[in-house]
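Asks: Have a look at the structure that comes next, please.
Number of protein chains: 2
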Amino acid sequence: MQTMNAKEIEEVLTRETLGCLACCDNNVPYIIPMAFAYKNGILYGQTTEGRKTEILRKNPAVCFQITQTEFSTWKSVLIEGKYEEFDFDKPFAPDVADAVGKLHARLKAVQDLVGISAPITSDGKPKPLTINGKKTALFRIVAGNISGRQGGLSDS
Amino acid sequence: MQTMNAKEIEEVLTRETLGCLACCDNNVPYIIPMAFAYKNGILYGQTTEGRKTEILRKNPAVCFQITQTEFSTWKSVLIEGKYEEFDFDKPFAPDVADAVGKLHARLKAVQDLVGISAPITSDGKPKPLTINGKKTALFRIVAGNISGRQGGLSDS
Numbered sequence: 001m002q003t004m005n006a007k008e009i010e011e012v013l014t015r016e017t018l019g020c021l022a023c024c025d026n027n028v029p030y031i032i033p034m035a036f037a038y039k040n041g042i043l044y045g046q047t048t049e050g051r052k053t054e055i056l057r058k059n060p061a062v063c064f065q066i067t068q069t070e071f072s073t074w075k076s077v078l079i080e081g082k083y084e085e086f087d088f089d090k091p092f093a094p095d096v097a098d099a100v101g102k103l104h105a106r107l108k109a110v111q112d113l114v115g116i117s118a119p120i121t122s123d124g125k126p127k128p129l130t131i132n133g134k135k136t137a138l139f140r141i142v143a144g145n146i147s148g149r150q151g152g153l154s155d156s
Numbered sequence: 157m158q159t160m161n162a163k164e165i166e167e168v169l170t171r172e173t174l175g176c177l178a179c180c181d182n183n184v185p186y187i188i189p190m191a192f193a194y195k196n197g198i199l200y201g202q203t204t205e206g207r208k209t210e211i212l213r214k215n216p217a218v219c220f221q222i223t224q225t226e227f228s229t230w231k232s233v234l235i236e237g238k239y240e241e242f243d244f245d246k247p248f249a250p251d252v253a254d255a256v257g258k259l260h261a262r263l264k265a266v267q268d269l270v271g272i273s274a275p276i277t278s279d280g281k282p283k284p285l286t287i288n289g290k291k292t293a294l295f296r297i298v299a300g301n302i303s304g305r306q307g308g309l310s311d312s
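Residue numbers (the working numbering), protein chains in the order written: chain A, 1 to 156; chain B, 157 to 312.
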């Protein structure tokens, strides 16, 4: 097993679409499989409101894990950081709007898994969506610590 | 998106080898990719001692998530339960020994990812291993709640 360097970690974050978000509800963990987009050290995600957004608004400490397996190798990236929700009523800075556009393109491919119906149009001021009567929340994860490990899968 | 029934959930738990274990350290989440074996409602795992075992011994509340993707469909199983460590000095009941044998066979294939060097021999009283100077902990996750969702990946 080897530690990954910053460039190797960035490659996984740029290429992968799905990860696992963990949060804590009064010291009890909860995991949500989630699509994400990565740009300049920040992860972007969108989710329907429900148990997860309730927990995250109370306690924004999150851990995000991405596994990449490929033939006989694997890479695992772990991001420990903070959940921050965007306000749909405010215009987004250009790099945020760009990342959100990328996220929305990805969400189209995994809309059923993450519970969000695409297409979602994105401009400088995206609008909130209501899916099956549920609002969605758009958020970013600001990383406090990013680490990665990689190795080979034994075929024995 | 559909809720999975007990038989569909059991099938994922029996077939898959890797999942994500989340725990909480003073209300801050941590995720560990982990190999597991499932038998009769219980997940079995083994890990090297370190930050994760320290956290889990203080706070045994865990959440375990398994994603199965296959062509254009996905299944996600979530187990909310409790971490319980086995004592290597005591003989194991036959069904536990059987599950541990299955776990050890699986660990051989993913030894590098989970940080445990195989082969690990298993009989009625498995022995603790020391890997690179680190002891290992053998544990089970007793499920309080098991749920599953499934759906299709959009190709748009």
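Each residue gets a CB set at the ideal place from its N, CA and C atoms; glycine is no exception.
Express the C-alpha separation of Ala255/B and Pro275/B in angstroms, rounding to a whole number.
Replies: Residue placement at Pro275/B is poorly supported in this model, since its pLDDT is 42, which falls under 50; the coordinates are not used for a value here.
Asks: Considering just the uninterrupted stretch of the beta strand (DSSP E) at Lys163/B, what are its terminal residues?
Replies: Lys163/B -> not in any beta strand (DSSP E); alpha helix (DSSP H) instead, spanning Ala162 to Arg171.
Asks: Excluding the 5 residues flanking Glu85/A on each side, which residues of the same chain have their C-beta closer than 6 Å to its C-beta?
Replies: Ala137 and Phe139
Asks: For Cys24/A, tell me which candidate among Met157/B, Phe248/B and Asn215/B has the shortest Cα-Cα distance.
Replies: Asn215/B
Asks: Can you tell which of Asp251/B, Phe248/B and Gln202/B has the C-alpha that lies nearest to the C-alpha of Leu174/B?
Replies: Gln202/B
Asks: Looking at the structure shown, is Asn90/A part of a helix, part of a strand, or coil, going by DSSP?
Replies: In the sequence under discussion, the amino acid at residue 90/A is Lys, which differs from the Asn named in the question. Looking at Lys90/A - three-state DSSP - the assignment turns out to be coil, as it is neither helix nor strand.
Asks: Please work out which residues of its chain come closer than 6 Å, Cβ to Cβ, to Lys195/B, disregarding the five sequence neighbours upstream and downstream, and give them in chain order.
Replies: Ala255
Asks: Using a C-beta to C-beta distance shorter than 8 Å, which residues of chain A count as neighbours of Asn215/B?
Replies: Asn27
Asks: By a C-beta neighbour count over all protein chains shown, 10 Å radius and 16 as the cutoff for buried, is Cys262/B buried or exposed?
Replies: Here the sequence assigns Arg to residue 262/B, which means Cys is not the residue at that position. The residue in question, Arg262/B, is buried, as its Cβ has 16 or more Cβ neighbours within 10 Å.
Asks: Quick check: is the beta carbon of Thr223/B nearer than 8 Å to any beta carbon in chain A?
Replies: yes
Asks: Work out the CA separation of Ala35/A and Phe92/A for me, nearest whole Å.
Replies: 20 Å
Asks: Answer yes or no: do Leu78/A and Gln65/A have a C-beta to C-beta separation smaller than 8 Å?
Replies: Yes, they are a contact pair.
Asks: Check whether chain A comes within 8 Å of Tyr186/B, counting only Cβ atoms and requiring the distance to be less than that.
Replies: Closer than 8 Å: yes.
Asks: Which residues mark the beginning and the end of the alpha helix (DSSP H) in which Glu54/A is found?
Replies: Arg51 to Lys58
Asks: So Ala178/B contacts chain A; which residues on that side make the cut at Cβ distance below 8 Å?
Replies: The CB of Ala178/B comes closer than 8 Å to the CB of Cys20, Ala22, Pro29, Tyr30, Ile31 and Cys63 in chain A, given here in chain order.
Asks: Going by the beta-carbon positions, is the gap between Gly81/A and Val62/A smaller than 8 Å?
Replies: Yes, they are a contact pair.
Asks: Under 8 Å between the Cβ atoms of Ile165/B and Leu177/B?
Replies: Contact flag unset, no.
Asks: So what does DSSP say about Gly101/A, is it helix, strand or coil?
Replies: helix
Asks: Roughly how far, in whole angstroms, is the beta-carbon of Lys75/A from the beta-carbon of Met4/A, given that I think they are within contact range, below 8 Å?
Replies: Between Lys75/A and Met4/A the beta-carbon gap is near 7 Å, inside 8 Å, which marks them as a contact.
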